[in-house]
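Working notes, beginning with the structure itself.
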Amino acid sequence: MTLDADWAERWVRRTAEAVEAAKDELTELDRQIGDGDHGENLHRGFQAVVARLDAAAVEVSGLDTSDRPVGDVLKIVATTLMSTVGGASGPLYGTAFLRASKVSGRPQLDPSSVVALLEAALEGVASRGKAQVGEKTMVDAWQPAVDAAERAAQDGGDEIAVLRAAAEAADKAAHDTIPLVATKGRASYLGERSAGHEDPGARSTALLLGAAMAAALAGPDGGADGAAA
Amino acid sequence: MTLDADWAERWVRRTAEAVEAAKDELTELDRQIGDGDHGENLHRGFQAVVARLDAAAVEVSGLDTSDRPVGDVLKIVATTLMSTVGGASGPLYGTAFLRASKVSGRPQLDPSSVVALLEAALEGVASRGKAQVGEKTMVDAWQPAVDAAERAAQDGGDEIAVLRAAAEAADKAAHDTIPLVATKGRASYLGERSAGHEDPGARSTALLLGAAMAAALAGPDGGADGAAA
Amino acid sequence: MKKLLNNPADAVADSLAGFALAHADLVDVHRDPVYVSRKDGAVNGKVGLVSGGGSGHEPLHAGFVGDGMLDAAVPGAVFTSPTPDQILPALQAADGGAGVLAIVKNYTGDVLNFETAVELAEAEDLQVESVLVNDDVAVEDSLYTAGRRGVAGTLAVEKIAGAAAARGADLAAVADVARKVVANVRSMGVALAACTVPHSGRPSFDLADDEIEIGIGIHGEPGRHRVPMASADEITQALLDPVADDLTLVPGDRVLLFVNGMGGSPLSELYVVYGRARRLLEGRGVTVSRSLVGSYVTSLEMQGASITVLRLDDELEALWDAPVHTAALRW
Amino acid sequence: MKKLLNNPADAVADSLAGFALAHADLVDVHRDPVYVSRKDGAVNGKVGLVSGGGSGHEPLHAGFVGDGMLDAAVPGAVFTSPTPDQILPALQAADGGAGVLAIVKNYTGDVLNFETAVELAEAEDLQVESVLVNDDVAVEDSLYTAGRRGVAGTLAVEKIAGAAAARGADLAAVADVARKVVANVRSMGVALAACTVPHSGRPSFDLADDEIEIGIGIHGEPGRHRVPMASADEITQALLDPVADDLTLVPGDRVLLFVNGMGGSPLSELYVVYGRARRLLEGRGVTVSRSLVGSYVTSLEMQGASITVLRLDDELEALWDAPVHTAALRW
Ligand SMILES: Nc1ncnc2c1ncn2[C@@H]1O[C@H](COP(=O)(O)OP(=O)(O)O)[C@@H](O)[C@H]1O
Ligand SMILES: Nc1ncnc2c1ncn2[C@@H]1O[C@H](COP(=O)(O)OP(=O)(O)O)[C@@H](O)[C@H]1O
Ligand SMILES: [Mg+2]
Ligand SMILES: [Mg+2]
Ligand SMILES: [Mg+2]
Ligand SMILES: [Mg+2]
């Protein structure tokens, strides 16, 4: 199992599917403490990403793409999200993918490169959003995911182990945003009333990282979890 | 039992009470096939009438009013309704009382004078509203009331018998407007959809004529039906 | 019922009090009896214009008092025609010596109360002409109805007659141009949700979540047909076609297209209706040379819209374009 | 959900298409990417003004494009900030060689997307200044929030900065006067009923029949407090007092009082609020010298209103009075 540009494509296509499936759930979370558009925003963005990747796939079909840098795919994702999502999450996810693309110039990612990718993404979100852990934003999912990925890599885990650690940590961490009082983003306007609801951006981060792991597990031809990429 | 100016006062004061009690019912009827203000319109108007009569009562208190023309009271009612009710019913009831006042110049009304009063009122409504029987308006209550009053007088009935005939006919006739399709007034805009609802103006006419009879029955000191005027 | 109101009985008075303060440069608001007149009174030698009717249609009519439009407006209780004792002083206040045009929407109540007031005014040697506005094609104009209602087309009558008066036309000429507008303007409306009259506290009719009323008036009356909810394009066509047909528009005609909100529908939706109505008119070979989009002739907080089309010629177009300076319409 | 819409996904596009047709004399509406610019492009030598944000607040911002106000507006999806690829061409279209002022409401999304666009514009040698509008006193401006939101006060910033630009002030001066407005304007709003975002189909929050939300924003977000329904006088005081206190108004101050409808409340109710707010200000010894009443910065069909107070001096008053000719504001 190698994490190459094809994996990156599978990752974002799976994210698009996951977002589509969870669109109403994300929107409902955002309706509780925001403005009820997060599902629609990400759906619009990842549909556009898929369309861009489809178009790019036609261009490169027949060419040997085995040494295509992973970052090339991530950069397409970044610019597409930036120009189609809007809202707060568009620039935030856009910056995450842009920074990730910059540290993913090689055609294959080893465990430490995966950690570097995630660290760069987190750094992008946190610096763009000027947010820290505990403010009830997507940073509250990204930070534990990065921490867990770093530990998994230090423990000698392979790429999949690293991604699994990140995904599982993000999923739990998204849930853990429920009691928090928001101090960044639109939910902060609610003050204390923001407590008791999961942060939509933290939930979508968990979906994104879950898709990264699933794409790795599935392999180029569908593979382990049975779903075609 | 004589029908004098005091009776006329009792009549309109009782009408004010009846309208107050039936305000919501009249408004609801008007909501079905009109614009939902008939109860409020008449309530505003008859409250103003009562206030005017109260003020006038202070002026004349102590004076001998036994030869006061019945029409004097009716004229106050007419001008007050015209300047406070608005809508269609204001000018219509206003004209009815104005015409009625003109034929009620004497201080006492005998049965044929009562019939003349009612005929004049009907003539006022019908000419002002250019409405005929069957158009689902207050004319559909006034006309049968006048017809019944005429018959009662021809049959030798006294004032009370005449008013009773008018009141009972109006009450039944108001009910009989239910199946009609309106061709005058606001309800006519509904076309066929106006059928199946009682006309609010016909109902308020029945209230008005019911109050005329009750005021006659009650006499100057409360009397027969036990309610003070 | 949730409204930004105090005692429902004071709804009109409280609103007019705020209106008076906000537009003290344009109007005087009189109480007891209630009417609104332009600041500094009638214009000497100019034909005066007066309109009025029940309240609940704001900015109509008080919002149209000012240079180039009305000289006085007479607001009744909510959805209830004003009384002659209100209308009479408004007619007098509007008279600058050249007579007064009363613009009356065709409702039994408005007609009867204005009739009485005009009689009283004439008895005091005021010269008054009346024009009846009846632009609503939802109501059949036949022996079997009270005739078509006056709805949003009233704005066009007031604007254009107001411009004619401002230009110095005499009473007969102002009345003529007003009647010319009436002859060339048609409207039809839809409600997505009813409105609630303050003192009643109940919606004026009950609509299911998937129903709309086509052919409504501006008093919360139910419409002519209750139909299933449809797309903006379909609804627009259901309103525009009867309007255009009744006007017998032919290719080459030039019109004003006015999409009016009923009070509770957002401007963004009115533009959707406008866009579709315009394409439908263009599909008939009709040129839309003037446009107005906004909530000007409303029915409290009713959700919905109406479409008004006025056939233009050079005269009407120039009068429409003439300057106007009122609280709600200004150019 | 009943709205005058076709496919909810096309809500913004359909509405803009109608807007473009209705106001072809004032604006050009561009697609792909979507932005609105004034007819005939940037004015040579004049500082350009650009604003933008999510749609659903109409007439803000596109309705304010024209002489004396904005040169371009950038509408995002409903309640969703526009993207940098829309904002960049709008900045470019607004540039008449004297630089561009970007007026940004303080929302994380608007701030981030404008930031990116401004960076891109600067990379292409466009001179851009940004001003952040944050007039909503319902939100505490502290380390523990994203800061106060920009709401209806944005209209005042756009009008006054637009007038300064029209008079020929340079970019720094236009930005300064815009910041002066920001420093002197405060707002607070109330919702009687929520709004429904077209693609969601559900009300943005659920309110009981006897509850209102105080301190709402303009995106259907719930407010700061949910309280029992109250009279217009009480609600007005609950909005006006925090606004006046935060502005530290003192006797002798002169202000603009702007009562803004949220989209679904009738004008008549706004005047009730206006009247009460005015008396409250006068009770504080404050003079209301300018007024605006209407639905200008809306939240779809939300029922409710906001109160905005801007402390005036001679400069701001003169710029407010300066001529403006846009689809939604004109004098
Ligand atoms: N300053 C910030 N830093 C990090 N994440 C943020 C910040 N502000 C908002 N977010 C994230 O964005 C999510 C909302 O995204 P979205 O609904 O698409 O945008 P908007 O709030 O503009 O409607 C929040 O749930 C939160 O996770
Ligand atoms: N042309 C008419 N002739 C006689 N009665 C009429 C006419 N038009 C309306 N009415 C009566 O007036 C009643 C409505 O009164 P009201 O609701 O107070 O006035 P509006 O219709 O102006 O709201 C109707 O129920 C009907 O009985
Ligand atoms: Mg959101
Ligand atoms: Mg009625
Ligand atoms: Mg009425
Ligand atoms: Mg948003």
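Chains as they are written, first to last, in our numbering: chain L, 170 to 398; chain W, 170 to 398; chain S, 829 to 1159; chain U, 829 to 1159. In this text, a Cβ means the ideal position worked out from N, Cα and C, and glycines have one as well.
Residue i: buried (16+ other C-beta within 10 angstroms of its C-beta) or exposed?
i          : result
Val-227/W  : exposed
Trp-1160/U : As shown, chain U starts at 829 and ends at 1159. That puts residue 1160/U outside it, with no answer to give.
Asp-175/W  : buried
Asp-1073/U : exposed
Trp-180/L  : buried
Val-1078/U : exposed
Ile-1135/S : buried
Asn-872/S  : exposed
Lys-867/U  : exposed
Asn-1088/S : buried
Glu-950/U  : exposed
Trp-1159/S : exposed
If I follow the unbroken beta strand (DSSP E) through residue i, where does it start and stop?
i          : result
Lys-933/S  : 928-933
Ala-905/U  : 900-906
Gln-1131/U : 1131-1139
When every heavy atom of ligand 6 is checked, does at least one fall within less than 8 Å of the C-beta of residue i?
i          : result
Ser-909/U  : yes
Gly-1111/U : no
His-858/S  : no
Gly-937/U  : yes
Span of the alpha helix (DSSP H) holding residue i?
i          : result
Tyr-1102/S : 1095-1111
Gly-379/W  : 369-387
Gly-255/L  : Premise fails: Gly-255/L is in no alpha helix (DSSP H) and is neither H nor E.
Phe-892/S  : Where Phe-892/S is concerned, there is no enclosing alpha helix (DSSP H), given that its DSSP letter is neither H nor E.
Just checking residue i against ligand 3 - is the residue's beta carbon closer than 8 Å to any of the ligand's heavy atoms?
i         : result
Ser-258/L : yes
Arg-355/L : yes
Note down, in chain order, each residue of its chain lying with its Cβ closer than 6 Å to the Cβ of residue i, except the 5 sequence neighbours on either side.
i         : result
Lys-353/W : Ala-300, Glu-304, Thr-306
Val-254/W : Asn-210, Gly-214
Asp-895/S : His-1153
By Cβ distance below 7 Å, which residues in the same chain neighbour residue i in space, the five residues on each side in sequence not counted?
i          : result
Leu-250/W  : Gly-214, Val-218, Gly-259, Tyr-262, Gly-263, Phe-266
Lys-831/U  : Pro-1026
Asp-938/U  : Gly-881, Ser-909, Val-932
Arg-1118/U : Leu-1084, Leu-1140, Glu-1145, Trp-1148
Val-246/L  : Val-181, Val-218, Phe-266
Asp-923/S  : Ala-870, Gly-876, Leu-954
Thr-346/W  : Lys-305, Asp-309, Glu-367, Asp-368, Ala-371
Sorted by chain position, which residues of the same chain lie with C-beta nearer than 8 Å to residue i's C-beta, five sequence neighbours on each side aside?
i         : result
Thr-374/L : Met-307, Ala-310, Trp-311, Ala-314, Ala-339, Ala-343
Asp-394/L : Low per-residue confidence applies at Asp-394/L: pLDDT is 49, beneath 50, and the placement is therefore not dependable enough to give any value.
Lys-341/W : Pro-313
Closer than 8 Å to a non-hydrogen atom of ligand 5 - does that hold for the CB of residue i?
i         : result
Asn-210/W : yes
Asp-204/W : yes
On the premise that residue j lies in contact with residue i, defined as a C-beta separation below 8 Å, what is that separation, rounded to the nearest angstrom?
i         : j          : result
Ala-994/U : Ala-1105/U : About 30 Å separates the two Cβ atoms, so there is no contact after all.
Leu-898/S : Leu-877/S  : 5 Å
Ser-843/S : Val-1100/U : 5 Å
Ser-357/L : Ala-974/U  : 5 Å
Val-284/W : Val-331/W  : 6 Å
Phe-847/S : Gly-884/S  : So it is not a contact: roughly 14 Å between Cβ atoms.
Leu-833/S : Glu-1062/U : That belief does not hold up - the Cβ atoms of Leu-833/S and Glu-1062/U are roughly 11 Å apart, past 8 Å.
Could you tell me if the beta carbon of residue i falls within a distance shorter than 8 Å of some heavy atom in ligand 2?
i         : result
Glu-304/W : yes
Arg-976/S : no
His-344/W : no
Is any heavy atom in ligand 1 found nearer than 8 Å to the beta carbon of residue i?
i         : result
Asp-199/L : yes
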